[in-house]
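In the numbering used here, the protein residues as written are 1498 to 1800.
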Amino acid sequence: MRIPLVVIAAIVLATSSLSAATVDPSKPEAAVLLPASVLRHNDFKSFFAALPAEEQTKAELEWKKAQANPDAKDTKQFDLAMEKLLAPDAVDQFMAQIEPQLKAIDTKGLSENLKMISGLLPMFLQQSQAQAGASAEAQQKNIAMVQSLMSDAADWLLKSGVEDPVKLRTAIGHLVAGAKSLNVADAKALQALPLTDVLDRFGPMVDEIKQAVAVYDLQVDGFLDSITATSNGTGDTRQLDVGFSAFGRSYQIPVKVENKGGKWSVSSDNGAGLGDLTKMVGGPGFAPPADEPEAAPAPTPVH
């Protein structure tokens, strides 16, 4: 749904200008740590208020453009999703739709497939990283990390309860509560709100999504809290040693960042490290929620 994405993009793209007690926005580490901090605390309104005046103005203008020219397809999808999510029996309706599919989930088979793919990673990753110019040592580190993550994800699947209808009902309940926390019935009502009001409501919705994921023993906030970054080098292009924890293990990955106009951001040139990791685990580390839970919640593998 593009309407909420306009909001999140306005904040995340400007995060290197934010003020936070524990992060210096003028340092390269802010490219990673500030977005993580925004998502960790679910307090988008306060972070927005900390933006320089020119950044607030830019975000406000983007929001007004979205208000004046809403996408017809997105508006229709949002309205349909909210109609389902706000129904008095929303949880029961989604359970009736999704629960029959749980019997087809073969966690043992999925787990075995993940481990099998993990064993094939060296062949696939060595070629792609060699093309990207990664050193042999860097290749081995990246391969070992992704293999470890996939192996742990395979073990998590066996005890996650993704096929448990009780857990499904609880997770859906949180997603429904998240939709209700927006306190709007349709896209028109959302579009009528000032940007600061939307940001204020977005925080509780994200928190409910985190709680839905936590039903399956995946702690998003724990993952965000574990993120560290140390800058190497000088100049407007740096490499960060970014650390994080997943499934009880600690990892480190190199992330290139660049300074453009006084703002540090993650570089698009991360093919030998971050790019390979995100491709193997299914995309960017934090994805926006889907418009509606058409299938059983599929949380990202972080713990």
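Ideal Cβ positions, reconstructed from N, Cα and C, are used throughout, including at glycine.
Rounded straight-line distance, which links the Cα of residue j to that of residue i
i	j	result
Asn1610	Ala1686	45 angstroms
Phe1544	Asp1603	42 angstroms
Val1739	Ile1724	7 angstroms
Asp1649	Phe1744	6 angstroms
Ser1615	Val1643	8 angstroms
Gln1574	Asp1568	10 angstroms
Ala1769	Gly1759	For Ala1769, the predicted model reports a pLDDT of 49, less than 50, meaning its position is unreliable; a value from the coordinates is still stated below. C-alpha separation (whole angstroms): 26 angstroms.
Ala1593	Glu1551	49 angstroms
Ala1711	Gly1730	38 angstroms
Val1765	Pro1585	Going by the sequence as given, residue 1765 is Ser instead of Val. Straight-line Cα distance between these residues: approximately 45 angstroms.
His1538	Leu1577	29 angstroms
Glu1634	Ser1645	17 angstroms
Gln1553	Glu1559	10 angstroms
Leu1672	Phe1720	20 angstroms
Asn1680	Gly1700	12 angstroms
Ala1682	Val1752	41 angstroms
Ile1750	Lys1570	39 angstroms
Lys1561	Leu1690	10 angstroms
Arg1698	Gln1636	43 angstroms
Gln1590	Ala1601	19 angstroms
Opening and closing residue of the beta strand (DSSP E) in which residue i lies
i	result
Val1763	1760-1763
Gln1736	1734-1743
Residue i classed as buried or exposed, judged by whether at least 16 other C-beta atoms fall within 10 angstroms
i	result
Arg1746	exposed
Ser1534	buried
Leu1771	Interpretation of Leu1771 is limited by its pLDDT of 48, a score under 50 that renders its predicted location unreliable; the figure taken from the coordinates is listed afterwards. Leu1771 is buried by the Cβ-count criterion.
Glu1580	exposed
Glu1705	buried
Ala1709	buried
Met1647	buried
Val1703	buried
Ala1684	buried
Asn1566	exposed
Extent of the continuous alpha helix (DSSP H) to which residue i belongs
i	result
Thr1727	Counting along the chain, Thr1727 falls outside any alpha helix (DSSP H), though it belongs to the beta strand (DSSP E) covering 1725-1729.
Ile1669	1662-1678
Pro1454	Here the chain comprises residues numbered 1498 to 1800, so residue 1454 is not present and cannot be evaluated.
Gln1716	Premise fails: Gln1716 is in no alpha helix (DSSP H) and is neither H nor E.
Ile1595	1587-1599
Ala1547	Careful: Ala1547 lies outside any alpha helix (DSSP H) and carries neither H nor E.
Val1659	Taken as a continuous stretch (DSSP letters only), Val1659 belongs to no alpha helix (DSSP H), as it is neither H nor E.
Pro1532	1527-1538
Lys1685	1684-1688
Proximity below 8 angstroms, CB of residue i to CB of residue j
i	j	result
Leu1548	Ser1608	no
Val1763	Ala1528	yes
Gly1675	Val1588	no
Ala1726	Leu1715	no
Lys1612	Ala1651	yes
Pro1522	Leu1536	no
Chain-order list of residues whose beta-carbon lies under 6 angstroms from that of residue i (same chain, five-residue window excluded)
i	result
Gln1564	Gln1688
Tyr1525	One detail in the question is off: residue 1525 reads as Pro in this sequence, not Tyr. Around Pro1525: Ser1728, Arg1735, Val1754, Trp1761.
is_contact[residue i, chain B] using C-beta, thresh 8 angstroms
i	result
Leu1599	Of the protein chains in the structure, only one exists, and it is not chain B.
Own chain partners of residue i with C-beta closer than 7 angstroms, once the 5 adjacent residues on each side are dropped
i	result
Asp1733	Glu1755, Asn1756
Thr1572	Ala1684
Contacts around residue i, its chain only, beta-carbon distance under 8 angstroms, and the 5 residues preceding and following it disregarded
i	result
Lys1677	Leu1582, Leu1583
Glu1596	Pro1662, Leu1665
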